[in-house]
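Residue numbers for the sequence shown follow the numbering used here, so the first one is 534 and each next one is one higher.
We put the beta carbon where it would ideally sit given N, CA and C, even for glycine.
Every value quoted in this text rests on a predicted model; they were computed, and no experiment measured them.
All remarks here apply to the structure that follows.
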Amino acid sequence: MEQKQLEQLKKSLIEEKNRIEKDLGEIGQKNPKVEGNFDVRFPHYGQGKDENAQGVAEFEKNKALEANLEKRLNEINETLKKIEKDDYGVCQNCSSKIEGPRLKAMPTAALCVSCAKIQK
Ligand SMILES: [Zn+2]
């Protein structure tokens, strides 16, 4: 990939990262000890039984959302690290080049097409 395209990709990944971190910040707080890890806050609705049930449901929902966002955030962080190390587009498993069309469709892909098939 050309340097210019990489810079563009890096920019859009950082933008997405900022968005995700903002979303995560709304449902939880950053774990200062682990990079890219967030702890979901338990919402406070009140002391009543109904309010508490609502809080539990919300908490479960946020936990699922947080897991998805965190997964994406980690993908982005990994990809950014690879760009920094000049390692972008190399399959994590077999070290061959990841196919261009695949990277275009999924810029954070860590595996080439054949390795991704095996992993599934
Ligand atoms: Zn591979």
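Endpoints, the beta strand (DSSP E) within which residue i is located
i, result
"G581", "Taken as a continuous stretch (DSSP letters only), G581 belongs to no beta strand (DSSP E), as it is neither H nor E."
"V573", "571 to 573"
Residue i to residue j span [Cα, whole Å]
i, j, result
"A643", "V623", "7 angstroms"
"P576", "E584", "10 angstroms"
"G579", "G588", "9 angstroms"
"E632", "E611", "18 angstroms"
"S629", "R605", "23 angstroms"
"R635", "N607", "19 angstroms"
"D619", "E540", "12 angstroms"
"S545", "A590", "34 angstroms"
"E554", "L542", "18 angstroms"
"K615", "A586", "44 angstroms"
"Q652", "V646", "10 angstroms"
"N551", "G558", "10 angstroms"
Element boundaries [alpha helix (DSSP H), containing residue i]
i, result
"D556", "536 to 560"
"C645", "That residue, C645, is in no alpha helix (DSSP H); it is neither H nor E in DSSP."
Residue nearest to residue i in terms of C-alpha spacing, selected from the options
i, options, result
"E535", "L602, T641, Y621", "Y621"
"I560", "K543, A597, K650", "A597"
"E549", "A586, P640, Q652", "P640"
"D572", "A600, Q625, E617, I651", "A600"
"A649", "K637, N626, I547", "N626"
"L602", "D556, Q562, Q538, I547", "D556"
beta-carbon residue i near ligand 1 non-hydrogen atom, thresh 6 angstroms
i, result
"N626", "yes"
Identified DSSP bridge partners for residue i
i, result
"V623", "K630"
"K563", "F571"
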